[in-house]
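Engineer: Take this structure first; my questions come after.
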Amino acid sequence: MLLNRSKYQTHNHLVYSCKYHVIFCPKYRRKILVGKTAEKIKQLILEKQEQYKYNVLGMEIMPDHVHLLLDVNPKDNIVEIINKIKGYTSFGLNLEFSVFRKPFWSQSKFISSVGAVTLDVVKKYIEEQK
833 MLLNRSKYQT
843 HNHLVYSCKY
853 HVIFCPKYRR
863 KILVGKTAEK
873 IKQLILEKQE
883 QYKYNVLGME
893 IMPDHVHLLL
903 DVNPKDNIVE
913 IINKIKGYTS
923 FGLNLEFSVF
933 RKPFWSQSKF
943 ISSVGAVTLD
953 VVKKYIEEQK
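Residue numbers for the sequence shown follow the numbering used here, so the first one is 833 and each next one is one higher.
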């Protein structure tokens, strides 16, 4: 069986393609993810990729929610990764702006593996959210 190397990641004795579409929103779905707040969230999410073991393939910050397209090793727990992202971004926003209430994020989240539709369709969907 030949594998298209561009679609798959390798790690030790593992070849995988685990991509997730993730959505989460601020507590009470407040429309506060705009301007400098949105830019700071993007920065914080991108800077933790290596430490939290994920790759951002797509990201869009809407006024009341965040869309992420992540590539994650199947050995790592996607729910734990999202919880770490939410915790780190909440902490970073409170350090910089100190006007937001705690908790910043809603406890809920949407996570869907990407595969039923092509990756390009999901990327296009995320990009067209603005």
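Think of the CB as a built atom: it goes at the ideal place given N, C-alpha and C, for glycine as much as any other residue.
Keep in mind it's a predicted model, so treat the numbers as computed, not measured.
Report the CB separation of Lys918 from Phe856 in whole angstroms; it is logged as a contact under 8 Å.
Structural biologist: To locate residue 918, count along the sequence shown from 1; it is residue 86. To locate residue 856, count along the sequence shown from 1; it is residue 24. About 6 Å separates the two Cβ atoms, so the contact holds.
Engineer: How is the beta strand (DSSP E) around Lys851 delimited, first residue to last?
Structural biologist: Against the sequence shown, residue 851 aligns to sequence position 19. Counting along the chain, the beta strand (DSSP E) containing Lys851 begins and ends at 851 to 856.
Engineer: Relative to the alpha-carbon of Ile873, which residue among Asn905, Leu925, Asn909, Arg861 has its alpha-carbon at the smallest distance?
Structural biologist: As a working note, residue 873 is residue 41 in the sequence shown. If we check each option's Cα against that of Ile873, Leu925 comes out closest.
Engineer: For the segment 889 to 908 against the segment 841 to 850, do three or more pairs of beta-carbon atoms, one drawn from each stretch, fall closer than 8 Å, so that the two count as touching?
Structural biologist: With a cut-off of 8 Å, the segment 841 to 850 and the segment 889 to 908 count as touching, because enough Cβ pairs lie within range.
Engineer: Out of curiosity, what's the CA-to-CA distance linking Gln939 and Leu901?
Structural biologist: Taking the first residue of the sequence shown as 1, we reach residue 939 at position 107. Taking the first residue of the sequence shown as 1, we reach residue 901 at position 69. Cα to Cα, Gln939 sits roughly 19 Å from Leu901.
Engineer: Going along the chain, which residues of its own chain have a beta-carbon closer than 8 Å to the beta-carbon of Arg861, five neighbours each way excluded?
Structural biologist: Numbered from its first residue, the sequence shown carries residue 861 at position 29. Counting only Cβ-Cβ distances below 8 Å, and skipping sequence neighbours, we find Asp896, His897, Ser938.
Engineer: If you measure between the beta carbons of Ile893 and Thr921, is that distance less than 8 Å?
Structural biologist: Locating residue 893 in the sequence shown gives position 61, where the first residue counts as 1. Locating residue 921 in the sequence shown gives position 89, where the first residue counts as 1. Not a contact, by the Cβ cut-off of 8 Å.
Engineer: Can you name the residues that DSSP bridges to Glu892?
Structural biologist: One-based indexing of the sequence shown puts residue 892 at position 60. Bridge partners of Glu892: His899.
Engineer: How about Val931 and His853: do their beta carbons lie closer than 8 Å?
Structural biologist: As a position in the sequence shown, residue 931 is number 99, starting the count at 1. As a position in the sequence shown, residue 853 is number 21, starting the count at 1. Taking 8 Å as the Cβ cut-off, Val931 and His853 do not qualify as a contacting pair.
Engineer: With DSSP collapsed to three states, give me the class of Leu846.
Structural biologist: Along the sequence shown, one-based indexing puts residue 846 at 14. Note: Leu846 maps to strand in three-state DSSP.
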